[in-house]
Amino acid sequence: MADIPETSVIIPTWNRRGLIARAVDSVLAQTRPVEEIIVVDDGSSDGTGEYLAERYGERIICVRQDNAGVSAARNRGLALARGRYLALLDSDDEWLPEKTARQVEFLEARPDIGMVLCNVFRVNPDGSLIDVFDRRRQVPVDGPALRWVLCDPALAPLSVLMQRQVYETVGGFDESLRTAEDLDFHLRVAARWPIGVVAEPLARALRGHDGLSALASTEDDYIRVMERATEAATGQVPDDVRRQALATAYVKNAESCIWSGRYRDSWSLARKAWALKPGGALRGRLLRLLPSAGRRALRSLLPR
């Protein structure tokens, strides 16, 4: 039997021939080698698979499947991976050279932690910096993190390194979700495993070129995930924290619905948030939102 790799990385891709080499090259450039690189070609029509075979040969494992979405592609790779540690990388993103070394060292020092995250540079297509996704603001203390993740479940998959047992106990990504599948995965991991953070930027995420965030289902998927997660957290997280987390999700997506012209949905979400009696700054956001959402919802019902 072949030796078990220390780390496996799963890279799903679809029609990213012009970008994927940067992602794969960033893995090959790690100071602590990644011994298993699995690229799942999710039905590309631009010659991605042929390009990868010619450029990398046996240095990577490339499997092709009919187009089934990013969650199915990640799950295919996770099922194939043999490593003690599992990592994720999207084909338009890249790692910095010390990522694997710093995160493996963290998990070796803290075997009680299931998943470790890192900060991420978010950049424009021209390479200019947008901001730094600071994971310590979301997970202030290494350890049980469900209460923090409920309040802000955002997950950059390229920041993840996890013990194999996390995948074996939690499972993969929910393939029924078009979007918010990363939030759902983050919440399910946090419900079962402690989470840690290496508070350094160790990866670079490309923004503003394409993606799924503009889909009409984005707000619906987010709410579905959060309602399910807050209900599942009963008994694990104080009720006031669960209510505030759900109210935050309602307000955030009500604001998003205004921008996308879904005025009646915005009004519905705002009313749900109000029923949860949010406090502090969230209450202020809601008080500003309710009149606007109500007026626009009413106008949308009037004949044109």
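Here the sequence shown is numbered in this note's numbering, starting from 704 and rising by one per residue.
Note that the Cβ used here is the ideal one computed from N, Cα and C, for glycine as well.
Just so you know, these numbers come straight off a predicted model, no measurement behind them.
- Under the Cβ criterion (8 Å, minimum of three pairs), the segment 716-723 counts as touching the segment 739-754.
- Spanning the alpha carbons of D796 and R945 requires a straight line of approximately 33 Å.
- Taking F836 as the centre and dropping the five residues before and after it, the same chain places the C-beta of N822, V823, R825 and A859 closer than 7 Å to its C-beta, in chain order.
- When C-alpha distances from A782 are compared across A848, C854, L972 and Q868, the shortest belongs to Q868.
- Nearest to D829 by C-alpha distance, out of G817, A908, D885 and K975, is A908.
- A direct Cα-Cα distance of roughly 7 Å separates V900 from R839.
- C-alpha of T951 to C-alpha of A984: approximately 10 Å in a straight line.
- Residue pairing for M818: DSSP places it in a beta bridge opposite M865 and I898.
- When secondary structure is reduced to three states using DSSP, L909 falls in the strand class.
- With a threshold of 16 other beta carbon atoms within 10 Å, L990 falls short and is exposed.
- For S971, the enclosing alpha helix (DSSP H) begins and ends at Y966 to A978.
- Here the C-alpha atom of Y788 lies approximately 16 Å from the C-alpha atom of E801.
- Between A775 and C765 the beta-carbon gap is near 16 Å, outside 8 Å, which marks them as no contact.
- Per the Cβ contact rule, the segment 958-976 is not in contact with the segment 929-948 (fewer than 3 Cβ pairs under 8 Å).
- Nearest neighbour of P897 by Cα position, chosen from W851, G772 and L880, turns out to be W851.
- Assignment of L990 by DSSP, reduced to helix, strand and coil, places it in the helix class.
- If you draw a straight line from the Cα of A906 to the Cα of A978, it comes to about 40 Å.
- Of the residues V727, A894 and I713, the one whose Cα lies closest to the Cα of G938 is A894.
- Assignment of beta-bridge partners to R825 by DSSP yields D834 and A908.
- Membership of T921 in the alpha helix (DSSP H) is indicated by the continuous run T921 to A935.
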